[in-house]
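Q: The structure's right below; bear with me while I get my questions together.
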Amino acid sequence: MVFSSSTFLIIFLPLTILAYFLIGCLLTKNVTVKNSILLLASLIFYAWGEPVYIFLMLISICFNFVIGKDISASKDADKDKRAKLLFICAIIFNIGVLGFFKYSGFVADNLGNLLGVQIRMPELPLPVGISFYTFQIMSYIIDLYNDKIKVQKNILSFALYISLFPQLIAGPIVKYRDIEYQLRNRRESLSKYSEGMSRFVVGLSKKLLLANTLGSVYSAVQADDINDLSFLSAWVGIICYTLQIYFDFSGYSDMAIGLGKMFGFEFCENFRYPYMAFSVTDFWRRWHISLSSWFRDYVYIPLGGNRRKTPRVIFNLMIVWLLTGLWHGADWNFILWGVYYGVLLILEKYVLSKQLGKLPLALRRFITLVLVMCGWVLFSAPTLPDALNYLRVMFTGGIGFIDSDGLYLLTSNILLILLGAFCAVPIYKTLIRKVNRVTVSRVKAVACPVLLILCYVFMISETYNPFLYFRF
Amino acid sequence: MTNKKYLIAELLCVAALITFIVLICVSRSGGTDKKISDVAAPVVKTMANNQMTKKTNADAVKAFKLDLSLTDGVVYYANNNVMDVSELLIVKLKDKSDAHDLKGKVDLRVSEQKKLYKSYAPKQYSLLENSITEISGNVLFYCTAENAVSLFEKFKEAL
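Chains A and B supply the protein sequences, listed in that same order. Position one of the first sequence corresponds to residue 1 (the numbering used here), numbered consecutively onward. Position one of the second sequence corresponds to residue 1 (the numbering used here), numbered consecutively onward.
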């Protein structure tokens, strides 16, 4: 089930809200009942689209719950070797499951090509959200082993942490330590509910009104033969994709955070105006923050982080970015995309930091944005040669710099692009600060229902349009 | 819980995982004994009115270069409008080892269609980009349509 579907908005969400607040908050006021209602809703939410793979998630939950308790019991009994062995087994289990379902086909294809034989793997669809919930599980196991958290003894709470529907299938990746307290003690309130609802509507609008519309422009550019593209068409296309992927993913995160808030949870922010970044390092502090911080906490720092000598730090950075690329998908363009960022960050850190520091802020922002857009070419192209061809057109001009198709594309979408750019930077926040609070709340009270109605209209008229980050 | 009980619970989970993986691989490669008409019926029912019309086996042979002697049944629907690329093909094969060759023929058809529609019909091209071709044992499903995902869901349920 997706948030931007009528099944979710008209049936699932109202019923869940009704059951949660009526039974969980008004009748029983018991956190176990509230958690049970949310867990049941989350399992239905997942099973709606994945009736088979829900068993995989349940097996994963049971295994990690038991092994977590076992690790904790072994540590309590001073059996450190056993705890370490169990920890390794848990990591192998989780990476093994993720690896089998996500990467086995890719590995088999490449191994087959290398050895000149055909290795056939069963063509299994990727379980939705597996990369997100596996990383959440691993954050629990790693923190538990490192004594950063206490073991979860209630399987309902543990299952809810893994399967909580707002963030189950496309993040943010919530670390157990950030939500542990909220699983047993959280407060719902009318103000939180209304804040969450507004955030949800904003996210839904980002997805349905902006991301999908911008996406159709990029699809039109992609549908053209690369050899018929001009410099202008290529840039208009990638600008639209740059905005699309931001509104698509940050829209989903807004919806997840908003839904969480409605049920009393506080999830970490996942985006902080990434296209305002003044360096690639800064970009990754603003884009998919939960993933970057996961890799920082569980890969980069354990490898030694930046406390080692330069060659080792470079090695650590490359490992992290190779894994970040791989996390996004089993394909060479994702790997190259990860390596691209690894190289850029290393250059920024060791070679260009002084020179970049002397440039005006606006120029640094512009350079960063262009580099990010080049990254999105690698990310969005169906194959590596397609990506390289697209980049060639972007920088050498293709059939020319400006053609009638490119001009038509630009003039017919300029308002959309400007609206997207306006919403992707914090200008409106600055404007809001200048107006008094009463006016802001009045505008919000009018804007949210209007946006919701618009979203319904768009939702009904559009065909199936999944979130871009679902495939990860 | 003692160490032994934990170990048993962990091993049971691993056994459940292995069983799940084996079952899902077998179900994906085993195909079906059902008649092609039974597999196709719920898929066809899900199609919107006049979305596509039923075509003959000869049409399928022409479009996909099928060898009918290798099949146990073919269901082919397409749109009558030449500017609409919507198509649905469900083929049950006598021998599942022929499935990959058949998939190759379908892929070829899709890439030829893409060449035709690229540059001047972006919506149709986008539909082709999002077409679904899946083999489930001895059955091949191919669909290019706006609701291809829901048609594919019905197909999976019908197997």
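Glycine residues also receive a C-beta, built at the ideal position from the N, C-alpha and C atoms.
Report the residue from A:L391, A:K81, A:V2 and A:T411 whose alpha carbon sits nearest the alpha carbon of A:I238.
A: What you label residue 238 of chain A is simply residue 238 of the first sequence in a count that begins at 1. The shortest C-alpha separation from A:I238 is found at A:L391.
Q: Under 8 Å by Cβ, that's how I've got A:S205 and A:L451 pegged, so tell me the actual separation to the nearest angstrom.
A: For the purposes of this step, residue 205 of chain A is identified with residue 205 of the first sequence, where counting begins at 1. For the purposes of this step, residue 451 of chain A is identified with residue 451 of the first sequence, where counting begins at 1. Rounded, the Cβ-Cβ distance is 5 Å, consistent with contact.
Q: Hey, A:Y53 and A:L38: beta-carbon distance below 8 Å or not?
A: Taking the first residue of the first sequence as position 1, residue 53 of chain A is located at position 53. Taking the first residue of the first sequence as position 1, residue 38 of chain A is located at position 38. The answer is no: Cβ separation not under 8 Å.
Q: For B:K55, which residues does DSSP report across the bridge?
A: Here the question's residue 55 of chain B lines up with position 55 in the second sequence. Paired residue(s): B:Y76.
Q: To the nearest angstrom, report how far apart A:K349 and A:I44 are at their CA atoms.
A: As a first step, residue 349 of chain A must be located in the first sequence, where it is residue number 349. As a first step, residue 44 of chain A must be located in the first sequence, where it is residue number 44. Whole-angstrom Cα-Cα distance: 46 Å.
Q: Between A:A330 and chain B, is there a C-beta pair that is closer than 8 Å?
A: The residue given as residue 330 of chain A occupies position 330 in the first sequence. Not one chain B Cβ lies under 8 Å of A:A330.
Q: Could you spell out where the beta strand (DSSP E) holding B:E87 opens and where it closes?
A: For the purposes of this step, residue 87 of chain B is taken as residue 87 along the second sequence, with counting starting at 1. Residues E87 to L93.
Q: Hey, does B:S126 have any beta-carbon neighbour from chain A nearer than 8 Å?
A: Numbered from 1 along the second sequence, position 126 holds the residue referred to as residue 126 of chain B. With 8 Å as the cut-off, B:S126 counts as an interface residue toward chain A.
Q: Taking beta-carbon pairs under 7 Å, can you tell me which members of the segment 219 to 239 of chain A lie near chain B?
A: If the cut-off is 7 Å between Cβ atoms, the segment 219 to 239 of chain A has S219, A220, A223, D224, D225 and D228 near chain B.
Q: Go through its chain and collect everything with a Cβ distance to B:A148's Cβ below 7 Å, but skip five positions before and after it.
A: The residue you call residue 148 of chain B lines up with position 148 of the second sequence. Excluding sequence neighbours, B:A148 sits near N130, S131 and I132.
Q: Does A:S139 come out as helix, strand or coil in the three-state DSSP assignment?
A: Your numbering for residue 139 of chain A matches position 139 in the first sequence. Residue state, collapsed to three classes: helix.
Q: Run down chain A in chain order and give the residues with a C-beta less than 9 Å from the C-beta of B:E87.
A: Taking the second sequence and counting its residues from 1, the one referred to as residue 87 of chain B is at position 87. Near B:E87 there are no residues of chain A at all, since even the closest Cβ is about 16 Å away, more than 9 Å.
Q: Entirely within the segment 273 to 318 of chain A and at least 4 residues each: give me those alpha helix (DSSP H) ranges in chain order.
A: Complete alpha helix (DSSP H) runs here, min 4: 280 to 286 and 289 to 295.
Q: Quick one: is A:Y464 near chain B, going by C-beta distance under 8 Å?
A: Sequence index remark: in the first sequence, residue 464 of chain A carries index 464 (1-based). The predicted position of A:Y464 is uncertain, since its pLDDT is 45 and thus under 50; no value can be drawn from it.
Q: Give the single residue among A:S380, A:C448, A:L454 and A:V97 whose Cα lies nearest to the Cα of A:R199.
A: Here residue 199 of chain A refers to the residue found at position 199 of the first sequence. The option with the nearest alpha carbon to A:R199 is A:C448.
Q: Using DSSP with H/G/I as helix, E/B as strand and the rest coil, what is B:T71?
A: For this step, residue 71 of chain B is matched to residue 71 along the second sequence. Here B:T71 sits in strand by DSSP.
Q: Looking at the secondary structure, which residues open and close the alpha helix (DSSP H) in which A:T32 lies?
A: The residue labelled residue 32 of chain A in the question sits at position 32 within the first sequence. Looking at the DSSP string, the run of the alpha helix (DSSP H) that includes A:T32 is V31 to G49.
Q: Going by the CB atoms, is the gap between A:L259 and A:P166 shorter than 8 Å?
A: Counting from one through the first sequence, the residue named residue 166 of chain A turns up at place 166. Counting from one through the first sequence, the residue named residue 259 of chain A turns up at place 259. Cβ atoms of A:P166 and A:L259: closer than 8 Å.
Q: Kindly list the residues whose CB is nearer than 8 Å to the CB of A:I11, restricted to its own chain and excluding five residues on each side of it in sequence; keep chain order.
A: For the purposes of this step, residue 11 of chain A is taken as residue 11 along the first sequence, with counting starting at 1. Answer for A:I11: no residue qualifies.
Q: Hey, out of A:L322, A:L344 and A:L345, whose CA is closest to A:F334's CA?
A: On the first sequence, residue 334 of chain A is found 334 positions in, with the first residue counted as 1. Per the Cα distances, A:L322.
Q: Any beta carbon from chain B within less than 8 Å of A:L407's own beta carbon?
A: Sequence index remark: in the first sequence, residue 407 of chain A carries index 407 (1-based). No, A:L407 does not count as interfacial toward chain B.
Q: Output the boundary residues of the alpha helix (DSSP H) element that contains A:L160.
A: As a first step, residue 160 of chain A is located in the first sequence; it is residue number 160 there, counting from the start. Its alpha helix (DSSP H) spans residues I155 to S163.
Q: Which same chain residues end up closer than 7 Å to A:F93 when comparing Cβ atoms and leaving out the 5 residues on each side of it in sequence?
A: Along the first sequence, read from residue 1 onward, the residue named residue 93 of chain A stands at position 93. Answer for A:F93: F63, listed in chain order.
Q: Nearest chain A C-beta to B:E112 closer than 8 Å, yes or no?
A: To locate residue 112 of chain B, count along the second sequence from 1; it is residue 112. With 8 Å as the cut-off, B:E112 does not count as an interface residue toward chain A.
Q: With 8 Å as the limit, tell me which residues of the segment 167 to 197 of chain A have their beta carbon closer than that to any beta carbon of chain B; keep them in chain order.
A: Going along the segment 167 to 197 of chain A in chain order, one finds no residue with a Cβ nearer than 8 Å to chain B.
Q: May I have the straight-line CA-CA distance separating A:R307 from A:V313, to the nearest angstrom?
A: On the first sequence, position 307 is the one that residue 307 of chain A refers to. On the first sequence, position 313 is the one that residue 313 of chain A refers to. Using only the alpha carbons, I get a separation of about 8 Å.
Q: Exposed or buried, which one is A:Y464 when buried takes at least 16 other CB atoms within 10 Å?
A: By 1-based counting over the first sequence, the position of residue 464 of chain A is 464. Confidence at A:Y464 is low in this model, with a pLDDT of 45, below 50, so its placement is unreliable and the value that follows should be read with caution. With fewer than 16 Cβ atoms within 10 Å of its Cβ, A:Y464 is classed as exposed.
Q: Compute the distance between the beta-carbons of B:V85 and B:Y142, then report whether it is under 8 Å.
A: Translated into the one-based positions of the second sequence, residue 85 of chain B becomes position 85. Translated into the one-based positions of the second sequence, residue 142 of chain B becomes position 142. Not a contact, by the Cβ cut-off of 8 Å.
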